[in-house]
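Q: Starting off with a structure, shown below.
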Amino acid sequence: MNNYCDNCQADLARIHGRTLKQALECTKANHGFGKITSTQWIDICPICDAYTLGMETTHPWPFLCADGVMRTAKDFDHTTRQSEAKSLDFYGLGLTRSALDSAIELAQQEFEETRRLEKDGATFLRGSPTMSSPRFNEAVCK
14 MNNYCDNCQA
24 DLARIHGRTL
34 KQALECTKAN
44 HGFGKITSTQ
54 WIDICPICDA
64 YTLGMETTHP
74 WPFLCADGVM
84 RTAKDFDHTT
94 RQSEAKSLDF
104 YGLGLTRSAL
114 DSAIELAQQE
124 FEETRRLEKD
134 GATFLRGSPT
144 MSSPRFNEAV
154 CK
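In the numbering used here, the protein residues as written are 14 to 155.
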């Protein structure tokens, strides 16, 4: 297996399957990743997969680079294929400011979705559901 992208020669990075699924759900990018499971780590190219990784969004999805630092596509110079972004140390976890901001925003979105679902569950239990039982079950599993 190569440690670099066959197309642009940039060093490959890795992203968690669950995170990649979230990114693809948002960006609707065409991809060749095949079936993605939520527990696997997937090799990605920070340059070639920049759109998939949310380069055009306010908070792109963070990924793990070969040097152990979490970055986002916005950290990379597409001319040099390198990241010039300063790395922060957060209790031994290396990450850029962009990756930190994105992780905070993505966690916030998940908490808000969970709060909404809990509110729907309370309404469901009171006997006046805002959604059908199968749809509610699907939302809980997701």
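Built from N, CA and C at the ideal position, the CB exists for glycine as well. As the structure is a computational prediction, the values presented were derived from the model and not from experiment.
Between the alpha carbons of Leu108 and Glu118, how many angstroms are there, rounded?
A: Taking the straight line from one Cα to the other gives about 15 Å.
Q: Determine the direct distance from the alpha carbon of Ile49 to that of Ala86, and round the result to whole angstroms.
A: The straight-line gap from Cα to Cα measures roughly 20 Å.
Q: Excluding the 5 residues flanking Thr52 on each side, which residues of the same chain have their C-beta closer than 7 Å to its C-beta?
A: Cβ within range, chain order: Gly30.
Q: Below 8 Å on the Cβ atoms is my contact criterion, and I expect Ala23 with Ile60 to pass it. Report the Cβ-Cβ distance as a whole number of Å.
A: 5 Å between Cβ atoms; contact.
Q: By the three-class DSSP mapping on this structure, what secondary structure does Ser141 have?
A: Reduced to three states, the DSSP call for Ser141 is coil.
Q: In this structure, does DSSP put Gln53 in helix, strand or coil?
A: Correct three-state label for Gln53: coil.
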